[in-house]
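Q:
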Amino acid sequence: MTWIPEAASNLAGKVDGVLLVITLISLFFFVLISAVLIYFAVKYRRRREDEETPYITGNETLEIIWTVIPSILLILLFVYGFVVYKEMRTPPADSVDITVTGKQWLWTFDYYNGKKTLNELYVQQNRPVRMIMRADDVLHSFFIPAFRVKQDILPGRYTQLWFTPTKIGTFDIFCAEYCGTGHSAMLGKVVVLSPEAYDIWEKGIGVDDGAAVASLPPAELGEKIYKEKGCNACHSIDGSVVIGPSFKGLYGRTGVLEGGSSYTADENYIMKSILEPQEELVEGFQPVMPSFKGILSEGEITAVIAYIKTLK
Amino acid sequence: MANHTIATNVYVPFLEKKGFLSWFLTTDHKRIGILYLVSISLFFLIAGIIALLMRFELMTPAADFVSPHTYNVLFTLHGSLMVFFFIVPGLAASFGNFLIPLMIGAPDVAFPKLNLGSYWIYIAGTIIVLFALLQPADTGWTFYTPYSATTDTDVILITFGVFVLGFSSILTGLNFIVTIHKMRAPGMTWHRLPLFIWASYATAILQLLATPVVGITLLLLIAERSLGVGFFDPAKGGDPVLFQNFFWFYSHPAVYIMIIPAMGVISEIIPVFSRKPIFGYKAIAYSSLGIAFISFLVWAHHMFTSGISEVAATIFSFLTFLVAIPTAIKVFNWIATLYKGSIELHSAMLYALGFIFLFTIGGLTGVFLGALAADIHLHDTYFVVAHMHYVMIGGTVMGFFGAIHFWYPKWFGKMFNESVAKLSWFLVFVGFNVTFFPQFFLGIQGMPRRYATYPEEFQSLMALSTYGSWLLGLGVLIMTVNLLKGLFSGEKAPQNPYGSLSLEWQVPSPPPHENFEEIPHVTDWTYGYGKKKEVDA
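Residue numbers (the working numbering), protein chains in the order written: chain A, 1 to 312; chain B, 313 to 849.
1. Throw me the rounded Cβ distance for the residue 81(A) and residue 640(B) pair, which I believe falls under 8 Å.
2. Within the continuous beta strand (DSSP E) that includes residue 152(A), where are the two ends?
3. Using a C-beta cutoff of 9 Å, does residue 81(A) count as contacting chain B?
4. In whole angstroms, what separates the C-alpha of residue 519(B) from that of residue 800(B)?
5. Could you tell me the alpha carbon to alpha carbon distance between residue 562(B) and residue 221(A), rounded to whole angstroms?
6. Measuring only the C-alpha atoms, how far is residue 207(A) from residue 780(B)?
7. Would you please state the rounded distance, in angstroms, between the beta carbons of residue 308(A) and residue 270(A)? I believe it to be under 8 Å.
8. On the three-state DSSP scale, how would you describe residue 600(B)?
9. What residues from the segment 620-632 of chain B come within 7 Å of chain A, judged by C-beta to C-beta, listed N to C?
10. Using Cβ-Cβ distances below 7 Å, what residues of the segment 213-228 of chain A are close to chain B?
11. Alpha carbon to alpha carbon, how far is residue 577(B) from residue 589(B)? Give it in angstroms, no decimals.
12. Could I get the ranges of all uninterrupted beta strand (DSSP E) runs contained in the segment 87-158 of chain A, with 3 residues as the minimum, in chain order?
13. Which residues in chain A have a C-beta closer than 8 Å to the C-beta of residue 786(B)? List them in chain order.
14. Judging by CA-CA distance, which residue of 567(B), 342(B), 783(B), 727(B) is the nearest neighbour of residue 802(B)?
15. Tell me whether the beta-carbon of residue 150(A) lies closer than 9 Å to the beta-carbon of residue 689(B).
16. What's the C-alpha gap between residue 635(B) and residue 606(B)?
17. Can you pull the chain B neighbours of residue 36(A), defined as C-beta to C-beta under 8 Å?
18. Does residue 235(A) have its Cβ less than 9 Å from a Cβ in chain B?
19. Starting from residue 18(A), find everything on chain B with Cβ-Cβ shorter than 8 Å and list it in chain order.
20. Does the beta-carbon distance from residue 495(B) to residue 413(B) come in below 9 Å?
21. Under 8 Å by Cβ, that's how I've got residue 632(B) and residue 752(B) pegged, so tell me the actual separation to the nearest angstrom.
22. For a quick check, are the C-beta atoms of residue 637(B) and residue 670(B) less than 9 Å apart?
23. Could you name the residues of chain A that residue 441(B) contacts, counting a contact when the two beta carbons are closer than 7 Å?
24. For residue 397(B), is the classification buried or exposed, using 16 other Cβ atoms within 10 angstroms of its Cβ as the cut-off for buried?
25. Output the boundary residues of the beta strand (DSSP E) element that contains residue 172(A).
26. Run through chain B and tell me which residues come within less than 8 Å of residue 150(A), C-beta to C-beta.
27. Do we get a CB-CB distance below 9 Å when we pair residue 272(B) with the residues of chain A?
28. Along the chain, where does the beta strand (DSSP E) containing residue 263(A) start, and where does it finish?
29. Going by CA-CA distance only, name the one from 685(B), 664(B), 599(B), 758(B) that's closest to residue 278(B).
30. Would you report the Cα separation of residue 299(A) and residue 272(A), rounded to the nearest angstrom?
31. At a Cβ cut of 7 Å, what residues of the segment 821-842 of chain B count as close to chain A, listed as they run along the chain?
32. For the candidate residues 62(A), 18(A), 162(A), 83(A), whose alpha-carbon lies nearest to that of residue 313(A)?
33. Helix, strand or coil for residue 206(A), going by three-state DSSP, please let me know.
34. Find out if the Cβ-Cβ distance for the pair residue 225(A), residue 235(A) is shorter than 9 Å.
35. Please report whether the beta-carbon of residue 315(B) lies at a distance below 9 Å from any beta-carbon of chain A.
36. For residue 84(A), I'd like the list of residues in its chain whose CB is within less than 8 Å of its CB, leaving aside the five on either flank, ordered along the chain.
See the structure below:
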């Protein structure tokens, strides 16, 4: 069993050091306390109803010892936790800034070169990154377990955290501050690329992972996008209404819009809903869907439509 | 002239008088304690069943038993009912009411009618919350803004219910402080008081001083929702984090309201079943006051990642480590009490020893959370869920069950089946650990809390936790049936089956309405076990 996610940032190893030391000291005291407790409870079991017991009310020396020693240990643990925390809160001068916006229930990332991604954060190995973060609506919290970083995201104020990714790979991003119905669906991924791969990504257009994506049949790609770009946080595929209309049976569905006019969910309607969601809002639904303009490419939108068509 | 024996009062147990009004309009602290005991136990069972439902959903990663929204409602209800309707009133309202006058040698509390009023205020709070269930809130028991200010569910009624309930806590605290100051029997000096009284006193101070803050906070939230004032809305110049500061200013002392009485119970049970004086009486007594004082200074350790400044976080972390010290002192003193004792592992003693074991785990895992660098990783994960349940169940509930098993003969005049009690203890103890220990690991692995659905890699530990919850539920069920059965068909209880020296055991089981035929004259502390009687020359 993996005790803890592999340490994938420069800070992770230091945080793990703090965790380890506290674990060892806790284990020591836990074993000591339990052993003495059980030993006394067994050794001094009542053997005769009328057995005598000594009238012991206390011992000042013991009191002092078991006050002073834990106090010293606790102060040391406080200092250790503080020292590592200080580093976690002090981004280096050469870190690059990436802006994070958390909103119910997805993450958008805006990069220093104008790129924008949804739910997937692309960073370069060994280059420090400062995340500048804001929420659009309620509290969220940006949490990357493998990097050992976490920071609440607030509306109306920027918060920040920083890290230097040390391992190439893909790691989980979780929302760690309860934010409503889609809280547990607000999942992201941080993709750590080598400098060469990062270069390629930076110069690429859109957000597909290139070759891998090009080889997928449209409906399958659409399903992948449905899961990874946050659609599943609000749209079910089983007919139930989560926040938005269910995708099941969506293609070809007719109905009424807010404002009274009617709609048919054909290819154009679906594309419009993705790019300008408030323009033709279905009656009875809240105007909360974010726009995916600049986030999903035309090819990706086509794939999503193909996927929706399979959901009869 | 014939010698007459003056007829003494015929002993009428306080439970004797029948009829609804004799219960619902009683001013007898012993009956009010029962009213609270029944009410809080009912909420404990309801909120416990909700927890079983939650754990059943969490057996699998997908939301296949309930929808995510329903899950969110469930954990909101579970937390709100457990915190506000069970554990905060908890031992203070039930056992505090029953024991304080008896232990100090008084006929009742200082303000018996206020005491009755406090109970009905509690009931009023529960009725208001009942109406809130029509559109139950999905905010979590912590009601963080902005979500709680904007969610479509009914937040106003549930927070108003809690607001009303708060007055029960405040007035009970007031009543107990005055009672302990003014109604101690002659000779019952402060340093002869049982440690449960010291604990109740410290708790009462917290109830009185901290509860008004959450009352005001919830009113502000209601104003935010209904009038759109903007205290917590940045668009109107407010700050969502302000809510957290207000909320935790109460809710941190509140956790000590939850645990300090339970610690008082442990300090009573261990000397009786070891037949030894409590070791370090003054250390334990003053540590309760110390914990209460420091508890007002640590609230923002719930907020290290909330956007507070690094300086503030550092100060709060330091103060949090301080509060661990008086707590550790108690644990060492309780264990030292066992040394060279004559120990009987009665079910009450098993709960007390179980408390020490489990609360130690809860307390040590609190150290992880108080350390800044570690907390960043662990905050809002299952590690916190495990920690809080170790201190609340492993701590307070063990103390609560221990208190029930210890004072049951005194309060109800009956005995329960001791073998079944030991069995149910064992199931509760094992079931609790299987439920919550895996959650520490889930948290370290990064599993966030309040997740209705979760990544597959967490499933095996989540399923294990669910199996544990079934064992725990079974243990609580058997314990409850055993205790109820004793009420109806148990043996009549003797006056002092365990040889306690405390005043409540020197009156019949159950006590008469006025507690003492004659107010006792106290000449020694309650922990004189093993003291050699002075031999007169």
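In this text, a Cβ means the ideal position worked out from N, Cα and C, and glycines have one as well.
A: In short, the structure shows the following:
1. As a first step, residue 81(A) must be located in the first sequence, where it is residue number 81. As a first step, residue 640(B) must be located in the second sequence, where it is residue number 328. That belief does not hold up - the Cβ atoms of residue 81(A) and residue 640(B) are roughly 18 Å apart, past 8 Å.
2. Working through the first sequence from its first residue, we reach residue 152(A) at position 152. Where residue 152(A) is concerned, the enclosing beta strand (DSSP E) stretches over 149-153.
3. The count along the first sequence starts at 1 and reaches residue 81(A) at position 81. Closer than 9 Å to some Cβ of chain B, the Cβ of residue 81(A) qualifies, so yes.
4. Position 207 of the second sequence holds residue 519(B). Position 488 of the second sequence holds residue 800(B). Using only the alpha carbons, I get a separation of about 35 Å.
5. Indexing the second sequence from 1 puts residue 562(B) at position 250. Indexing the first sequence from 1 puts residue 221(A) at position 221. The straight-line gap from Cα to Cα measures roughly 51 Å.
6. Position 207 of the first sequence, counting from 1, holds the residue named residue 207(A). Position 468 of the second sequence, counting from 1, holds the residue named residue 780(B). Reliability fails at residue 207(A), whose pLDDT of 46 lies under 50, so the model's placement of it is uncertain and no value is given.
7. As a working note, residue 308(A) is residue 308 in the first sequence. As a working note, residue 270(A) is residue 270 in the first sequence. Yes, residue 308(A) and residue 270(A) are in contact; Cβ-Cβ is about 7 Å, under 8 Å.
8. Along the second sequence, one-based indexing puts residue 600(B) at 288. Three-state DSSP puts residue 600(B) in a helix.
9. 622, 626, 629, 630
10. none
11. For the purposes of this step, residue 589(B) is taken as the residue at position 277 of the second sequence. For the purposes of this step, residue 577(B) is taken as the residue at position 265 of the second sequence. When rounded, the distance between both Cα atoms is 15 Å.
12. 96-103, 106-110, 116-118, 120-124, 129-135, 140-144, 149-153
13. Working through the second sequence from its first residue, we reach residue 786(B) at position 474. The premise fails here: residue 786(B) is roughly 25 Å from chain A at the closest Cβ pair, so nothing lies under 8 Å.
14. Your numbering for residue 802(B) matches position 490 in the second sequence. Ranking the options by Cα distance to residue 802(B), first place goes to 727(B).
15. Taking the first sequence and counting its residues from 1, one reaches residue 150(A) at position 150. Taking the second sequence and counting its residues from 1, one reaches residue 689(B) at position 377. Yes, they are a contact pair.
16. On the second sequence, residue 635(B) is found 323 positions in, with the first residue counted as 1. On the second sequence, residue 606(B) is found 294 positions in, with the first residue counted as 1. Cα to Cα, residue 635(B) sits roughly 6 Å from residue 606(B).
17. Here residue 36(A) refers to the residue found at position 36 when the first sequence is read from its first residue. Residues of chain B passing the Cβ test: 647.
18. Position 235 of the first sequence, counted from the start, is the residue given in the question as residue 235(A). With 9 Å as the cut-off, residue 235(A) does not count as an interface residue toward chain B.
19. Within the first sequence, the letter at position 18 stands for residue 18(A). Chain B residues near residue 18(A): 683, 685, 686.
20. For the purposes of this step, residue 495(B) is taken as residue 183 along the second sequence, with counting starting at 1. For the purposes of this step, residue 413(B) is taken as residue 101 along the second sequence, with counting starting at 1. Taking 9 Å as the Cβ cut-off, residue 495(B) and residue 413(B) qualify as a contacting pair.
21. By 1-based counting over the second sequence, the position of residue 632(B) is 320. By 1-based counting over the second sequence, the position of residue 752(B) is 440. Not quite, the Cβ-Cβ distance comes to about 19 Å (not below 8 Å), so this is no contact.
22. As a working note, residue 637(B) is residue 325 in the second sequence. As a working note, residue 670(B) is residue 358 in the second sequence. No, the pair does not count as a contact, with Cβ atoms beyond the cut-off.
23. For the purposes of this step, residue 441(B) is taken as residue 129 along the second sequence, with counting starting at 1. Those within 7 Å of residue 441(B) in chain A number zero; the least Cβ separation is about 20 Å.
24. Your numbering for residue 397(B) matches position 85 in the second sequence. Residue 397(B) should be labelled buried.
25. The residue you call residue 172(A) lines up with position 172 of the first sequence. Note, residue 172(A): beta strand (DSSP E), 169-175.
26. Position 150 of the first sequence, counted from the start, is the residue given in the question as residue 150(A). Near residue 150(A) (Cβ distances below 8 Å), the residues of chain B are 617, 688, 689, 691, 692.
27. In the structure as shown, chain B begins at 313 and stops at 849. Residue 272(B) is therefore absent and cannot be evaluated.
28. Against the first sequence, residue 263(A) aligns to sequence position 263. Its beta strand (DSSP E) spans residues 262-264.
29. There is no way to answer for residue 278(B), as the model of chain B reaches only from 313 to 849.
30. Working through the first sequence from its first residue, we reach residue 299(A) at position 299. Working through the first sequence from its first residue, we reach residue 272(A) at position 272. Each residue's alpha carbon lies about 14 Å from the other.
31. 841, 842
32. Nothing can be reported for residue 313(A): it is not among the residues displayed for chain A, which extend from 1 to 312.
33. Start at 1 with the first residue of the first sequence, and residue 206(A) comes out as number 206. Note on residue 206(A): pLDDT 45, under 50, position unreliable in the model; no value is reported.
34. Counting from one through the first sequence, the residue named residue 225(A) turns up at place 225. Counting from one through the first sequence, the residue named residue 235(A) turns up at place 235. Going by C-beta atoms, residue 225(A) is not nearer than 9 Å to residue 235(A).
35. Along the second sequence, read from residue 1 onward, the residue named residue 315(B) stands at position 3. Residue confidence is low: residue 315(B) scores 49 on pLDDT, short of 50, so the model does not pin down where it sits. Its coordinate-derived value is still stated next. No, no contact with chain A.
36. Position 84 of the first sequence holds residue 84(A). If we look at residue 84(A) and ignore the five residues flanking it on each side, its Cβ neighbours are 11, 14, 15, 17, 18.
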